[in-house]
Amino acid sequence: MADFHGDLLHVDRAGELIRDADIVVLAGDLSGSGDRESAESVVRAVEKYNGNILAVHGNCDGPGVHEMLSERGYSVHSRGVIVDGIGFFGLGGSRRTPMHTFTEYSEEQIAEFLRLGYSMVEKSATRVLVSHTPPKKYRDRTFFGLSAGSPALREFMESNPFDLCLCGHIHEAYGADRSCGVLVVNSGSFRKGRYFSVEIGDGIKAESGRV
């Protein structure tokens with residue numbers, strides 16, 4: 543799930559789905575106005591059903607959101623964790639935007655965050671990136687037809703093998719595509735009830751849903 547923007551309306555509606563998940567991934571833009579308190583209310587609502595959470599902050603989340611996720615042990619931004627043999631690494635925020643939102647990074651910073659996180663999970667048999675932003679040209683097309691994803695992320699995908707990218711950011715670009723052997727899944731906005739269920743086994747299956 544991604545892009546709550548402080549809206550809790552759909553969390554209880556998705557309660558059983560959340561409870562049944564092995565891991566709940568929150569891919570950024572949790573807060574309504576960038577503040578820690580708004581994002582924390584989202585996290586607490588999810589925790590009522592499942593505390594196995596991995597998360598990154600979004601570009602519309604202020605610095606306090608990353609701090610809160612780190613304090614709770616959920617953040618994988620610029621780091622990696624291995625859960626049941628699956629390596630998860632993360633990238634929060636977004637590339638620079640014309641809107642000058644709360645948390646934006648240069649492409650050089652993005653490349654370094656990816657490198658650091660990947661280095662902690664690269665020996666895992668399955669590797670999953672949790673990223674707020676999608677890669678350039680994959681599930682990143684805006685209403686205006688612009689490709690708004692990160693070039694640095696796309697370049698990283700082309701040179702560092704991993705299996706799955708879970709992202710959000712561009713609400714209208716929800717869906718799944720495969721590139722460079724990576725399944726790119728943009729869950730869309732959970733403020734509109736959109737999410738993806740992903741099953742990792744012999745292969746990776748991703749199914750979109752809406753509550």
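So the mapping is simple: our numbering equals the position in the sequence shown, first residue as 1, plus 542.
Note that CB positions come from ideal geometry on N, CA and C, so glycine has one too.
From a predicted model like this one, the values you see are computed outputs, not experimental measurements.
With a CB to CB cut of under 7 Å and the five nearest residues on each side skipped, what residues in its chain are close to residue i?
i	result
Y646	The amino acid at residue 646 is misidentified as Tyr; the sequence shows Glu. Cβ within range, chain order: N601, G635, S636, R637, R638 and T639.
V553	A587 and V588
A718	L725, V726, V727 and A748
Could you please give me the residues that DSSP links to residue i through a beta bridge?
i	result
I712	DSSP lists no partner for I712.
H642	DSSP lists no partner for H642.
K590	Beta-bridge pairing links K590 to no other residue.
A748	V740
V598	A569
Y647	R637
S617	A597
Return yes when the Cβ of residue j is within less than 8 Å of the Cβ of residue i, no when it is not.
i	j	result
F698	A667	no
G570	H547	no
G615	Y591	no
V672	F732	no
G576	D545	no
K679	G691	yes
S750	Y716	yes
S729	G710	yes
Residues in its own chain within less than 6 Å of residue i by CB, not counting five upstream and five downstream?
i	result
L706	V670, L725 and I746
S620	F655, L658 and G659
S580	G548, S573 and G574
Around the Cβ of residue i, are there at least 16 other Cβ atoms within 10 angstroms (buried) or fewer (exposed)?
i	result
T675	buried
R578	buried
R736	buried
F655	buried
P677	buried
L754	Past the edges of the chain, shown from 543 to 753, lies residue 754, and the structure says nothing about it.
F685	exposed
H642	exposed
D682	buried
S617	buried
G723	exposed
Secondary structure at residue i, three-state DSSP: helix, strand or coil?
i	result
L725	strand
D562	helix
P676	coil
G717	strand
A694	helix
V567	strand
V607	helix
V753	coil
Output needed for residue i: all residues of its chain with C-beta closer than 8 Å, excluding positions within five of it in sequence on either side, in chain order.
i	result
A694	R637, E649, E650, I652, A653 and L656
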